[in-house]
Amino acid sequence: MDLELAALAGQAASTVVNGMATTGWEQVQRAVGELWRRAQPGGADAAVGDLDRMRTELLAARRDGDGGTEEELVSEWKQRLRRLMADHPELVPAMEQLINEVRAAGRPEDFRAHRVTMKARASGKARITMAGRDINITKRR
0 MDLELAALAG
10 QAASTVVNGM
20 ATTGWEQVQR
30 AVGELWRRAQ
40 PGGADAAVGD
50 LDRMRTELLA
60 ARRDGDGGTE
70 EELVSEWKQR
80 LRRLMADHPE
90 LVPAMEQLIN
100 EVRAAGRPED
110 FRAHRVTMKA
120 RASGKARITM
130 AGRDINITKR
140 R
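Listed below in structure tokens is the structure:
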């Protein structure tokens, strides 16, 4: 479940950060605030306040062509959302709903297609190779 939570948190973080810079910004605020109110009512205002400050950073970074800041914001939200779901597993369906609602509120071009989410499960001596783009595999014996 940890890998699944991490994958969902990554997808949600990417959606939240991309959503911060879209016409669906208010939906992002509302959805994140609702998540926090359900899990940590006292922390909801702080989470929304952080979102506001980070949005300002994101908009400036995009204007200046600074992709590193955006990656840092996604990473930070991934950790926050992963911890939130780990502490409150009942929020997993709400996190999936947040992703769908935020994406629906924005335009398709608002969400960058370079983010890929994959899931795999192996057992025994199975080997899984996954790639979000080009891959070369050389097996030597």
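Using numbering that gives the first Met the number 0, you'd call the opening residue of the sequence shown number 0 and step up by one each time. The beta carbon of each residue, even a glycine, is placed where N, CA and C say it ideally should be.
| query | result |
| --- | --- |
| Quick check on threonine 21: does DSSP put it in helix, strand or coil? | coil |
| So, for glycine 32: in the same chain, excluding its five sequence neighbours on each side, which residues have a beta-carbon less than 6 Å away from its beta-carbon? | Ala43, Val47 |
| Among the candidates Arg61, Arg52, Lys118, Thr68, whose CA atom is the shortest distance from the CA of leucine 2? | Lys118 |
| Is the region 16-24 close to the region 85-96, with three or more CB pairs under 8 Å? | no |
| What is the residue span of the alpha helix (DSSP H) that glycine 48 lies within? | 43-63 |
| So what does DSSP say about serine 122, is it helix, strand or coil? | coil |
| Per DSSP, what kind of secondary structure is alanine 8 in: helix, strand or coil? | helix |
| Can you check whether the CB of glutamate 75 is closer than 7 Å to the CB of alanine 30? | no |
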